[in-house]
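Colleague: Take this structure, written in structure tokens, and hold onto it; I'll ask about it next.
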Amino acid sequence: MMTPGLVLDTAAIVEYSDGSERVGRHIAEVAEAALAVVVPALCLATAYHAAVGDRRRVLDVLPTLPHVVIRPVEADMCAVLGGWTLLTEGHMDHAQAAIEAVWHPPTPILTDRRDLITKVLAEGWPIIDL
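Rendered as structure tokens:
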């Protein structure tokens, strides 16, 4: 896997599917730096759950981008995922996004849920607010 440069959480993926130029710019900047955009599988699945109409087609394109890496839930992350899901108020997708950032520190997370992410990540972790 390429070195991660950004983790997208569910809100960032949903915003991308809505055609957000801002999210697209972040993805492009990471790609231009030859870094990977990490998309946690639980975040992508949650975004599909929320998507309607053409947004699903946009989500279909995201995993095909050469600099995007879809990260599955791995067996060795299950204990932390379960614990962090409690801390993130039941949001397993946000917990996986935080885990992905921690596995390759200090990878920033693009999110609208700073309040949840900061419950599990160290103070000062790079968070990019939507």
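Position 59 (the sequence shown) corresponds to 58 in numbering that gives the first Met the number 0; numbering is contiguous.
We put the CB at the ideal spot given by N, CA and C, even for glycine.
1) So D92 is in the beta strand (DSSP E); what residue range does that whole segment cover?
2) Mind checking whether A35 and P3 have CB atoms under 8 Å apart?
3) Check whether the stretch 37-45 touches the stretch 4-12, counting contact only when three or more Cβ pairs, one atom from each stretch, lie closer than 8 Å.
4) Roughly how many whole angstroms lie between the Cα atoms of I126 and P107?
5) Tell me whether V38 sits in a helix, a strand or coil according to DSSP, three-state version.
6) For a minimum of 3 consecutive residues, which ranges assigned as the beta strand (DSSP E) are wholly contained in the stretch 44-92?
7) Which residue comes first and which comes last in the beta strand (DSSP E) that contains D128?
8) Whose CA, out of M76, A94, G52, G82, lies closest to the CA of S16?
9) Should A46 be flagged as near chain B, meaning a C-beta pair shorter than 8 Å?
10) Can you grab the Cα-Cα spacing for the pair V6 / E20, in whole Å?
11) Rounded C-beta distance between A33 and M1? I'm assuming under 8 Å.
Modeller: Straight from the coordinates:
1) For the purposes of this step, residue 92 is taken as residue 93 along the sequence shown, with counting starting at 1. Run containing D92: none in the beta strand (DSSP E); it sits in the alpha helix (DSSP H), 91-102.
2) Residue 35 sits at position 36 when you count from the first residue of the sequence shown. Residue 3 sits at position 4 when you count from the first residue of the sequence shown. Contact flag set, yes.
3) yes
4) As a working mapping, residue 126 is identified with position 127 in the sequence shown. As a working mapping, residue 107 is identified with position 108 in the sequence shown. Going by C-alpha positions, I126 is about 5 Å away from P107.
5) Locating residue 38 in the sequence shown gives position 39, where the first residue counts as 1. Strand at V38.
6) 67-70
7) Translated into the one-based positions of the sequence shown, residue 128 becomes position 129. Where D128 is concerned, the enclosing beta strand (DSSP E) stretches over 126-128.
8) Counting from one through the sequence shown, the residue named residue 16 turns up at place 17. Comparing Cα positions, the closest option is G52.
9) The chain labelled as chain B is not found in the depicted structure, where only one protein chain is given.
10) For the purposes of this step, residue 6 is taken as the residue at position 7 of the sequence shown. For the purposes of this step, residue 20 is taken as the residue at position 21 of the sequence shown. V6 and E20: Cα-Cα distance of roughly 17 Å.
11) Here residue 33 corresponds to residue number 34 of the sequence shown, with the count starting at 1. Here residue 1 corresponds to residue number 2 of the sequence shown, with the count starting at 1. Indeed they touch by this definition, with Cβ atoms about 7 Å apart.
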